[in-house]
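Position 18 of the sequence shown, counting from 1, maps to 9 under our numbering, and the rest follow consecutively.
The beta carbon of each residue, even a glycine, is placed where N, CA and C say it ideally should be.
Quick caveat: nothing in here was measured; it's all calculated off a predicted structure.
Working notes, structure below.
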Amino acid sequence: MGRDHNLASEKSQEWLKENTKRYAFKKLERDVIASGACVECGSCVVGCPVDALTGEFVDSKYTPTLTGKCTACGICYAMCPRTFVLENEVIGDYVGVWKARSLGSQGRQDGGVVTALLAMMLDKGEIEAAITVGQIDDKPWMPVAKRNTSKKEVLDSGGTIYTHAQVVGEMHNCYKENLSSVAVVGTSCNIDAINRMQVHPGGLFNIDSKMSVFKICLFCTESFGYNGLVSFLKSQNINIKKVERFAIAKGEFSVTIGGETRSWPVKDLDSLAASSCAYCSDYTGMNSDISCGNVGTDEGWTTVIVRSKRAEGILKDAIKNGIIEAEEIDEKAIQAVINSARFKMNKRYALQSSP
Ligand SMILES: Cc1cc2nc3c(=O)[nH]c(=O)nc-3n(C[C@H](O)[C@H](O)[C@H](O)COP(=O)(O)OP(=O)(O)OC[C@H]3O[C@@H](n4cnc5c(N)ncnc54)[C@H](O)[C@@H]3O)c2cc1C
């Protein structure tokens, strides 16, 4: 029996009409066609429910062109393989998204959730070591991987350093010393490296799974090269040694010295980003157990994407034990995270951000 193309097509259109964000073809034209990201597949032309698009050959290049009336249904944008529209494409799978903050008084970047959870895990013996970052005296704000084996130690390692850190190396040392359970904090590139070791057929932790690794990812738009950051600060008459705190929130990069804070739009510092960041499209660390950032929540709180059952258990345990306060967040707040994640993905293709 032949396929019922009409029925399949009707169902597909029905689903898309209900679930697709409404964009005019103009957006696809600007983001994908004009930017050179179009792969000439014609999925937008095939998908258009009102046959408003035609694949024309312009200088022998297949070019989707508006030849009818666009109803701004957004289906061409949704069907394009170079756009990111589904939630799990941009922030990965999760079991819940929370806003949370530590009820303790330790140093922290946002809600202090990362530190609070690690402290609890160490205290309860759930992990033997938590790998975070610290600083060395002669190069302030240059992150160095730090192994914490007690609650007291980890409480001193809160806060963010916006430069790549080699936490994987310290995790490997733990493995060589026969530890059986650790937690590691890192940006999505660190988490991907660990994930590779866990899932690659030749990966160390795939071949020998004796050490469990709980992966905490920090949301990340980009990290800065150390020398570039120092030069930028110098150009602003700021000595990095005097900086008390760096922060990125709401599109602003800020530096606090002597209790005073100066800010610049993050986009002004794009040239300081590590070159590798241009190849990264993962904002939240989709391969982690838990992802934390400030986007999507109020100042002083952390947005927490909980991806694994183990992570959910740890978060709920921390709430029950009065270590953190937390509540599940609504669609609107999650949308802010999705938008930031989509912005990063689109940037990889040098596309403009989605509204
Ligand atoms: C390079 C970078 C870019 C970021 N960009 C964004 C962004 O665009 N949007 C956003 O919402 N959030 C971003 N964050 C995350 C944000 O700054 C906070 O780290 C996050 O909200 C957790 O806050 P917290 O108070 O719960 O963590 P805390 O309790 O303060 O704990 C933070 C933990 O992270 C560790 N850590 C700090 N720097 C590094 C590092 N470089 N590598 C590995 N571990 C580290 C600390 O040692 C500590 O254990 C970024 C983080 C980094 C490192």
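Looking at the strands, I want to know which residues DSSP matches up with residue i.
{"i": "threonine 11", "result": "None, per the DSSP bridge assignment."}
{"i": "leucine 306", "result": "Bridge partners of leucine 306: none, in fact."}
{"i": "glutamate 47", "result": "Thr54"}
{"i": "leucine 239", "result": "Here residue 239 turns out to be isoleucine, not leucine, going by the sequence shown. Looking at the DSSP assignment, isoleucine 239 forms a beta bridge with Phe244."}
{"i": "threonine 294", "result": "Lys90, Gly284"}
{"i": "alanine 264", "result": "Phe215"}
Short check: CB of residue i to CB of residue j, under 9 Å?
{"i": "glutamate 318", "j": "alanine 91", "result": "yes"}
{"i": "alanine 69", "j": "glycine 46", "result": "no"}
{"i": "alanine 121", "j": "methionine 112", "result": "yes"}
{"i": "tryptophan 255", "j": "aspartate 101", "result": "no"}
{"i": "threonine 178", "j": "leucine 209", "result": "yes"}
{"i": "glutamate 16", "j": "cysteine 35", "result": "Checking the displayed sequence, the identity of residue 16 turns out to be phenylalanine instead of glutamate. Against a cut-off of 9 Å, the Cβ pair of cysteine 35 and phenylalanine 16 comes out as a contact."}
{"i": "phenylalanine 215", "j": "leucine 146", "result": "no"}
{"i": "glycine 242", "j": "lysine 225", "result": "no"}
{"i": "glycine 83", "j": "glycine 276", "result": "yes"}
{"i": "phenylalanine 196", "j": "isoleucine 185", "result": "yes"}
{"i": "isoleucine 315", "j": "valine 104", "result": "yes"}
{"i": "threonine 294", "j": "alanine 269", "result": "no"}
{"i": "valine 81", "j": "valine 297", "result": "no"}
{"i": "valine 286", "j": "serine 222", "result": "no"}
{"i": "isoleucine 320", "j": "threonine 288", "result": "yes"}
{"i": "glutamate 119", "j": "cysteine 165", "result": "yes"}
{"i": "glycine 194", "j": "methionine 202", "result": "no"}
{"i": "aspartate 42", "j": "glycine 59", "result": "yes"}
{"i": "asparagine 337", "j": "aspartate 22", "result": "yes"}
{"i": "valine 190", "j": "glutamine 157", "result": "no"}
{"i": "lysine 130", "j": "tyrosine 14", "result": "no"}
{"i": "isoleucine 229", "j": "arginine 253", "result": "yes"}
{"i": "serine 172", "j": "glutamate 117", "result": "yes"}
{"i": "asparagine 266", "j": "cysteine 180", "result": "First, the residue type needs correcting, since residue 266 is serine and not asparagine in the sequence shown. Not in contact: serine 266 and cysteine 180 (Cβ atoms no closer than 9 Å)."}
Since residue i is in the beta strand (DSSP E), which residue starts that stretch and which ends it?
{"i": "lysine 137", "result": "130 to 139"}
{"i": "threonine 252", "result": "251 to 256"}
{"i": "glycine 284", "result": "281 to 284"}
{"i": "isoleucine 315", "result": "315 to 319"}
{"i": "serine 245", "result": "243 to 248"}
{"i": "glycine 149", "result": "Note, glycine 149: premise wrong, no beta strand (DSSP E); not H, not E."}
{"i": "lysine 18", "result": "No beta strand (DSSP E) holds lysine 18; the alpha helix (DSSP H) holding it covers 16 to 19."}
Quick one, which of the options has its alpha-carbon nearest residue i's?
{"i": "serine 279", "options": "Cys165, Val234, Val204", "result": "Val204"}
{"i": "alanine 28", "options": "Tyr53, Ile296, Glu9, Thr154", "result": "Tyr53"}
{"i": "glycine 33", "options": "Lys307, Glu9, Arg73, Gly276", "result": "Arg73"}
{"i": "lysine 233", "options": "Val246, Gly242, Ser226", "result": "Val246"}
{"i": "threonine 123", "options": "Val76, Ala174, Thr154, Trp89", "result": "Ala174"}
{"i": "glutamate 78", "options": "Asp273, Gly249, Glu5", "result": "Asp273"}
{"i": "threonine 154", "options": "Gln227, Ile248, Cys165, Ala264", "result": "Ala264"}
{"i": "serine 148", "options": "Lys137, Ala156, Gln157", "result": "Lys137"}
{"i": "glutamate 213", "options": "Ile198, Gln227, Phe244, Thr56", "result": "Phe244"}
{"i": "aspartate 167", "options": "Pro192, Glu9, Asp199, Asn139", "result": "Position check: residue 167 holds lysine in this sequence, whereas aspartate was assumed. When only C-alpha atoms are compared, the closest one is Asp199."}
{"i": "arginine 339", "options": "Phe75, Asp(-5), Glu5, Lys311", "result": "Phe75"}
{"i": "alanine 25", "options": "Leu108, Glu144, Glu290, Thr56", "result": "Thr56"}
{"i": "leucine 306", "options": "Cys64, Ile281, Ala327", "result": "Ile281"}
{"i": "cysteine 211", "options": "Ala110, Glu290, Ala327, Ile239", "result": "Ile239"}
{"i": "isoleucine 152", "options": "Ser141, Ile127, Ser267, Ala302", "result": "Ile127"}
{"i": "cysteine 71", "options": "Val88, Cys61, Lys18", "result": "Lys18"}
{"i": "serine 51", "options": "Glu31, Ser262, Leu44", "result": "Glu31"}
{"i": "alanine 309", "options": "Lys12, Gly95, Thr62, Lys8", "result": "Gly95"}
{"i": "lysine 143", "options": "Gln4, Leu108, Gln157", "result": "Leu108"}
{"i": "proline 40", "options": "Glu5, Arg21, Lys12, Asn10", "result": "Glu5"}
{"i": "tyrosine 290", "options": "Ser299, Ser93, Thr62, Glu117", "result": "Looking at the sequence itself, residue 290 is glutamate, so the reference to tyrosine does not match. Ranking Ser299, Ser93, Thr62, Glu117 by Cα distance to glutamate 290 puts Ser93 first."}
{"i": "threonine 62", "options": "Arg99, Gly98, Thr11, Glu251", "result": "Thr11"}
{"i": "glutamate 161", "options": "Gly125, Glu303, Gly150", "result": "Gly125"}
{"i": "lysine 335", "options": "Asn139, Cys271, Ser266", "result": "Cys271"}
{"i": "valine 88", "options": "Ser262, Gln227, Ser299", "result": "Ser299"}
{"i": "alanine 302", "options": "Lys206, Val328, Ser266, Asn312", "result": "Lys206"}
{"i": "glycine 98", "options": "Gly150, Thr140, Ser141", "result": "Gly150"}
What residue does the alpha helix (DSSP H) around residue i start on, and which one ends it?
{"i": "serine 34", "result": "34 to 38"}
{"i": "methionine 336", "result": "322 to 339"}
Practice task
Give, in chain order, every unbroken run of the beta strand (DSSP E) that is at least 3 residues long and sits entirely within the stretch 156 to 217.
Solution key: Those beta strand (DSSP E) runs which fall completely within the stretch 156 to 217 and span 3+ residues are 172 to 177, 203 to 209.
Exercise for the section: Any chance you could list the beta strand (DSSP E) runs of at least 3 consecutive residues sitting entirely within the stretch 65 to 126, in chain order? Expected result: Assignment of beta strand (DSSP E) within the stretch 65 to 126, counting only whole runs of 3 or more residues, yields 87 to 93 in chain order.
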